[in-house]
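Undergrad: Residue numbers 360 to 449, in our numbering, belong to the letters of the sequence shown in order. Where a beta carbon is used, it is the ideal one built from N, C-alpha and C, also for glycine. The structure that follows is given in the form of structure tokens.
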Amino acid sequence: MSTPTTLLQTPLTDLARAIDTDGLAHHEAALRDVVAAARRAGLSPVLAGVLGDPGQPDVARLRAFGLLASQLAALGTPTPTTGVDSPVAA
360 MSTPTTLLQT
370 PLTDLARAID
380 TDGLAHHEAA
390 LRDVVAAARR
400 AGLSPVLAGV
410 LGDPGQPDVA
420 RLRAFGLLAS
430 QLAALGTPTP
440 TTGVDSPVAA
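Below, the structure written as structure tokens:
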């Protein structure tokens, strides 16, 4: 018997893929939703602060997103992010 390898598709995985494609700046509204959900769940205020601050380096924000998203998913915490922001036309 083989182990399933399909990942569960969630709004957070959709957002992660969109960030990978478009960058953080195109998804600030969705990131604010993740920050709000993390704060409601009592997760790290430091990680939430880094993710929510566009002035922080992208690498720090990406790491904060990854940690918070995995913690929210582990808790089964619903996020209000039901999709991703449309990328801004350049």
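Work out the CA separation of Arg-399 and Arg-422 for me, nearest whole Å.
TA: Taking the sequence shown and counting its residues from 1, the one referred to as residue 422 is at position 63. Taking the sequence shown and counting its residues from 1, the one referred to as residue 399 is at position 40. Arg-422 and Arg-399: Cα-Cα distance of roughly 20 Å.
Undergrad: Does DSSP put Gly-435 in a helix, a strand or coil?
TA: As a first step, residue 435 must be located in the sequence shown, where it is residue number 76. Of the three classes helix, strand and coil, the one that applies to Gly-435 here is coil, per DSSP.
Undergrad: Using DSSP with H/G/I as helix, E/B as strand and the rest coil, what is Leu-421?
TA: Here residue 421 refers to the residue found at position 62 when the sequence shown is read from its first residue. It is helical.
Undergrad: How far does the alpha helix (DSSP H) with Ala-388 in it reach, from first residue to last?
TA: Locating residue 388 in the sequence shown gives position 29, counting from the first residue. Its alpha helix (DSSP H) spans residues 387–399.
Undergrad: Sort Asp-379, Gly-401, Ala-419 by Cα distance to Leu-458 and report the nearest one.
TA: Any answer about residue 458 is impossible in this case: the structure gives the chain only from 360 up to 449.
Undergrad: Flag this pair as yes or no: are the beta carbons of Leu-390 and Asp-417 separated by less than 8 Å?
TA: Residue numbering aside, residue 390 sits at position 31 when the sequence shown is read from its first letter. Residue numbering aside, residue 417 sits at position 58 when the sequence shown is read from its first letter. Going by C-beta atoms, Leu-390 is not nearer than 8 Å to Asp-417.
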